[in-house]
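**Q** Here you go, one structure.
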Amino acid sequence: MNPFETIRRTVPFLKHLTAEESEFFFRTGRVITVKSGQYAELKKTSSLNIVISGIFEVETIGNAEVVYFTSGSFFGSLPFVENRKRGNVRALLDSTIFVIHEEDIYRFFMKYHKALRGYIRMITSMGFEMTETGRRYFDLKGKVVSVFSDSQGSGKTTLSAALGLALTMDETVILDVSYSGKSLFDVFQRRLTAPVSERDQSATGAESLLNERLVHVKDGLYLLNITFSSRVRIDPSIIGTLLFLLSRRFRYIIADLSNTDPELRDAVFAGSDMIFALTGGKKETGELNGLFDEKLTDFQRVFYVRNEYLPGERGAFVGGFTFEHNREYEQSGNVDLLAGSAAGAGIKPFVEKITSPGRSLAVQSLSLESVCLAGFFVDLQHSGKFFDSIYSSSFSYFISCLYLLGHDEKELVAMLRRFYSSEQINRNLDISFPGSFIFKNSRILRYARELASDKRIEMFHTQPVCKLISSGSERIASTGDLASLMTASYITSPLFEPVSTSGGECSSGYPAVTVSPAELFRTGCDEIYYLSVLNRDRITPGDGVINELYKNTLDTGTAPYSDESYYLQQGKNLFMEIDENEFKFDKISDKTKTITHSLALRIL
């Protein structure tokens with residue numbers, strides 16, 4: 001494995017980085033060789049040093065204690081953290097370390113504000129003492145909500161304005177990220193300011209510019225013109241810095257986003273936590289589905305919105321919201337009438353989604369061993385409690401989807417029993433023996449389609465988020481066709497034919513690709529739970545029960561257990577320890593029933 005990838009997975013405050021962020025972070029620093037016996041003084045270093053190989057000895061002042069650093073350990077300066085280490089670091093062997101200057105890390109966080117959000121949450125969870133600057137970032141407020149449409153006259157500006165008015169209980173700013181049409185400044189009858197087209201690499205310069213351009217509407221509500229009336233395309237890289245700065249002040253950041261500039265659109269998508277997408281009908285919704293499946297890779301939650309004011313389809317709108325029009329406002333343009341709508345019941349479902357603190361569950365990535373966790377989902381369904389999202393991969397993702405698809409406990413148990421049966425496992429295997437894979441994906445896809453029909457994961461109250469490999473790279477899928485994602489989570493490459501979904505050729509990537517609850521630290525979710533199991537034995541199907549080739553692959557493809565408890569909040573680590581080797585769903589469910597029931601009770 002790439003040593004940088006190993007570092008990302010083992011160093012706590014890097015666990016939440018995306019593949020793109022990780023690549024940029026490690027490209028910014030350098031690798032150096034330290035000869036055996038060479039010293040460095042901790043007090044003087046202004047860089048973060050991460051051990052790649054070798055051993056270092058730390059001699060603290062007074063020699064009160066000696067600490068040894070091996071691969072994955074770090075020393076030096078951490079941004080926003082008090083550095084109280086004093087003494088010398090000495091290499092005991094010829095060693096290599098990754099070195100990145102503290103200022104480069106600050107610049108990295110200005111580019112990726114979600115990475116900063118995750119970093120602050122992690123170092124706080126681990127008990128580091130923060131600097132005064134760090135304490136200012138501790139409550140990194142901004143939840144970023146995009147209101148998006150692919151067509152003119154969709155009502156996105158009206159919805160953006162209504163949301164802004166409805167969220168004035170906290171500091172809120174609405175960004176105008178359109179080039180033409182009706183401006184937010186027209187809606188609120190404010191003088192249009194120049195677009196924020198200048199780039200300033202220094203945080204103080206950029207912050208000063210923002211303060212000059214912010215336009216006050218009323219207590220708790222501001223406007224900021226990003227692009228409107230600009231004659232040139234805006235450099236999309238400015239978005240990361242803007243969100244970094246705005247998040248320090250504003251609780252809610254609403255982007256009134258058009259589809260005029262695809263690169264800028266994608267940058268705003270990347271920084272968003274939530275997207276309300278206005279759509280006029282099935283055809284437009286289908287086009288939006290494809291766009292989101294390709295572009296969204298960072299836990300974004302999408303809600304489709306139908307504007308009642310516009311002509312088009314009527315009737316039930318499954319998995320979305322209806323924006324109830326205010327005919328008097330549309331005819332008069334009087335913003336006071338829009339304010340009345342913002343205080344009414346029609347906008348309430350939108351506000352509840354935005355202001356909800358959020359509760360997410362990460363589920364340990366497992367294949368056959370996931371049978372040890374299956375009983376928990378039965379108890380969870382019985383409890384009536386729910387999560388806003390469930391994040392996992394491999395078989396663990398498949399069974400979390402079964403939990404969402406099951407109408408009651410009895411049906412869920414039957415679905416789980418079938419999933420783990422040798423008959424179904426063998427039925428999933430369509431031997432093909434082509435040049436690039438052994439098993440086709442057709443039977444698994446047919447099975448998943450039977451369960452999920454044409455449902456998309458955006459439709460569920462609990463969002464089933466999947467981590468997988470797409471065209472050779474890790475990605476997180478928070479939108480997409482459920483049956484295709486269930487299929488992708490089941491199959492491994494090159495044993496199985498990959499499935500085309502989420503903008504690429506996808507498979508689970510297990511055991512190389514697994515999830516960590518730390519990744520959820522980058523989201524706006526307040527409560528993060530982690531469900532995991534440590535099996536002291538090994539689940540193994542009996543001889544002749546399932547296809548021997550497939551069985552042998554499963555036997556050699558199990559990810560090692562990783563303890564994630566040290567940074568989780570008290571009561572959020574849903575951990576069980578068992579000693580089981582028989583691959584029998586009913587037996588394991590009975591043996592773990594007391595444990596899984598107690599874990600479900602711990603969810604508040």
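Start counting the sequence shown at 1; every next residue gets the next number (the working numbering). Cβ atoms here follow ideal geometry from the backbone N, Cα and C, with glycine treated the same way. None of these values were measured; they are calculated from a predicted model.
Does DSSP put residue 589 in a helix, in a strand, or in coil?
**A** If DSSP states are grouped into helix, strand and coil, residue 589 belongs with the helices.
**Q** From the DSSP output, in three-state form, read off residue 603 for me.
**A** Three-state DSSP puts residue 603 in coil, outside helix and strand.
**Q** Could you have a look at residue 391 and say whether DSSP puts it in helix, strand or coil?
**A** It is a strand residue.
**Q** Looking at the strands, I want to know which residues DSSP matches up with residue 105.
**A** Answer is none; residue 105 lacks a bridge partner.
**Q** Tell me the rounded alpha-carbon separation between residue 524 and residue 469.
**A** If you take the alpha carbons of residue 524 and residue 469, they lie about 24 Å apart.
**Q** Could you name the residues of the same chain whose beta carbon sits closer than 6 Å to that of residue 422, not counting the 5 residues immediately before and after it, in chain order?
**A** Same-chain partners within the cutoff: 545, 546.
**Q** What number of angstroms, rounded off, separates the C-alpha of residue 211 from the C-alpha of residue 267?
**A** Their backbone Cα atoms lie some 22 Å apart in a straight line.
**Q** State buried or exposed for residue 549, treating a residue as buried only when at least 16 other CB atoms are found within 10 Å of its CB.
**A** By the neighbour-count rule (16 or more Cβ atoms within 10 Å), residue 549 is not buried but exposed.
**Q** What is the C-beta distance between residue 31 and residue 52, in whole angstroms, given that I count them as a contact (C-beta under 8 Å)?
**A** About 7 Å; that satisfies the 8 Å criterion.
**Q** Near residue 601, which residues of its chain fall below 8 Å by C-beta distance, leaving aside the five closest residues on each side in sequence?
**A** Cβ within range, chain order: 383.
**Q** Only counting the same chain, and skipping five residues up and downstream in sequence, which positions put a Cβ closer than 6 Å to that of residue 82?
**A** 129, 131, listed in sequence order.
**Q** Quick check: the Cα distance between residue 201 and residue 110, rounded to an integer number of angstroms?
**A** With a pLDDT of 47 at residue 201, under the threshold of 50, the modelled position of this residue cannot be trusted; read the value that follows with caution. Distance between the alpha carbons of residue 201 and residue 110: 9 Å.
**Q** In or out: residue 461 buried (at least 16 other Cβ within 10 Å) or exposed?
**A** Under this definition residue 461 is an exposed residue.
**Q** Name, in chain order, the residues that DSSP records as bridge partners for residue 500.
**A** In DSSP, residue 500 forms a bridge with 505.
**Q** Should the segment 491–500 be regarded as contacting the segment 529–545, the criterion being three or more beta carbon pairs within less than 8 Å?
**A** Too few Cβ pairs lie closer than 8 Å, so no.
**Q** Counting Cβ pairs closer than 8 Å, one from the segment 556–567 and one from the segment 362–377, do we hit at least three?
**A** Judged by Cβ distances under 8 Å, the segment 556–567 makes contact with the segment 362–377, as three or more pairs qualify.
**Q** For the alpha helix (DSSP H) that contains residue 228, what are its first and last residues?
**A** From DSSP, residue 228 is part of no alpha helix (DSSP H); its letter is neither H nor E.
**Q** Please report how far the alpha carbon of residue 23 lies from the alpha carbon of residue 535, in whole angstroms.
**A** Going by the C-alpha atoms only, they are around 34 Å apart.
**Q** Would residue 479 and residue 456 be called neighbours here (beta carbons separated by less than 8 Å)?
**A** Yes, Cβ-Cβ distance for residue 479 and residue 456 is below 8 Å.
**Q** Indicate the three-state DSSP secondary structure (helix, strand or coil) for residue 129 in the structure shown.
**A** Reduced to three states, the DSSP call for residue 129 is coil.
**Q** Measuring straight from C-alpha to C-alpha, what distance separates residue 107 and residue 46?
**A** Distance between the alpha carbons of residue 107 and residue 46: 15 Å.
**Q** Quick one: is residue 498 buried, meaning 16 or more other Cβ sit within 10 Å of its Cβ, or exposed?
**A** Burial call: buried.
**Q** Give me whichever residues DSSP pairs with residue 257 in a beta bridge.
**A** Looking at the DSSP assignment, residue 257 forms a beta bridge with 148, 177.
**Q** Let me check one thing: in DSSP terms, what residues is residue 464 bridge-paired to?
**A** In the DSSP output, where bridge partners are listed per residue, residue 464 has 390.
**Q** Could you say which of 90, 76, 105 lies nearest to residue 27 if we only look at CA atoms?
**A** The option with the nearest alpha carbon to residue 27 is 105.
**Q** Kindly indicate which three-state DSSP category residue 216 falls into: helix, strand or coil?
**A** Reduced to three states, the DSSP call for residue 216 is strand.
**Q** Quick one: complete alpha helix (DSSP H) runs, 4+ long, within the segment 254–305?
**A** Segments of the alpha helix (DSSP H) lying fully in the segment 254–305: 262–271, 282–295.
**Q** Would residue 594 be called buried (16 or more neighbouring beta carbons within 10 Å of its own) or exposed?
**A** Classification for residue 594: exposed.
**Q** Which partner residues of residue 40 appear in the DSSP bridge assignment?
**A** DSSP lists 89 as partners of residue 40.
**Q** Measure the Cβ-Cβ separation of residue 227 and residue 184 and say whether it is below 8 Å.
**A** Going by C-beta atoms, residue 227 is not nearer than 8 Å to residue 184.
**Q** Taking its Cβ as the centre, do 16 or more other Cβ atoms sit within 10 Å of residue 136, making it buried, or is it exposed?
**A** It is exposed - the Cβ of residue 136 has fewer than 16 other Cβ atoms within 10 Å.
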